[in-house]
Amino acid sequence: MSFSAEDKTRLDEIRSHYHDARAASVSVMRWVQRTNGYISDESLQDAAEYLGLPAADLEGLATFYNLLFRKPVGNHVIKVCDSVSCWMCGYERVRDRLRERLGIGFGETSEDREFTLLPVVCLGNCDNAPTLMVNDHLYDRVTPEGVDSILEAVRGHGGNRG
Ligand code: FES
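Start counting the sequence shown at 1; every next residue gets the next number (the working numbering).
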């Protein structure tokens, strides 16, 4: 992938919100991810060239931020909060239901490529624990039964791109 003129216009707009290229790195990579579903080696290299930074610096950032994906993910990415409030309010039951229904563990993608399951730290929604996020949508006070409804509602719809 190489950035088109249209891509560069969009990237320039993102870049303009930051005082330097390094500060813009994560936002640029998030845009690449929204556009392509994940950050391939080639697009990481393109982003580094666009920003005028070493690719190794972006690689380090992408590794640090677990919401930047360096390999293809499912159509829906489920991020399950495993921080303290959610632990205390039923995280384990929610996690177990997800694993059981999807047949995958954390860091894995379902065979039909519909879902990727990831653990995340506090989503800032502790008052509504346990909580999880599917793509960019936050779900409050999730129960094991609620997991079934969420999967049913999102399966085959929308996705994490765009
Ligand atoms: S601990 Fe789960 S949202 Fe804060």
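Quick reminder that beta carbons are idealized off the backbone N, C-alpha and C, glycines included.
task: List the endpoints of the continuous beta strand (DSSP E) containing Y139.
output: From DSSP, the beta strand (DSSP E) with Y139 extends over 137–139.
- prompt: DSSP state of V120, grouped into three classes?
  reply: It is a strand residue.
field: Ordered list of beta strand (DSSP E) runs contained in the segment 60–121, each at least 3 residues
entry: Fully enclosed beta strand (DSSP E) runs of 3 or longer: 76–81, 115–120.
message: When you compare the CB positions of V164 and I14, do they come within less than 8 Å of one another, or not?
response: Look at the range of the chain in this structure, 1 to 162, and you will see that residue 164 is not part of it.
field: Contact between the segment 73–92 and the segment 134–142 (3+ Cβ pairs under 8 Å)
entry: Verdict: yes, contact present.
- prompt: Is A62 near the ligand FES, going by C-beta to nearest heavy atom under 7 Å?
  reply: Taken from the Cβ of A62, every heavy atom of the ligand FES lies 7 Å or farther away.
query: Relative to the ligand FES, is the shortest distance from any of its heavy atoms to the C-beta of G146 smaller than 7 Å?
result: Relative to the non-hydrogen atoms of the ligand FES, the Cβ of G146 never comes closer than 7 Å to any of them.
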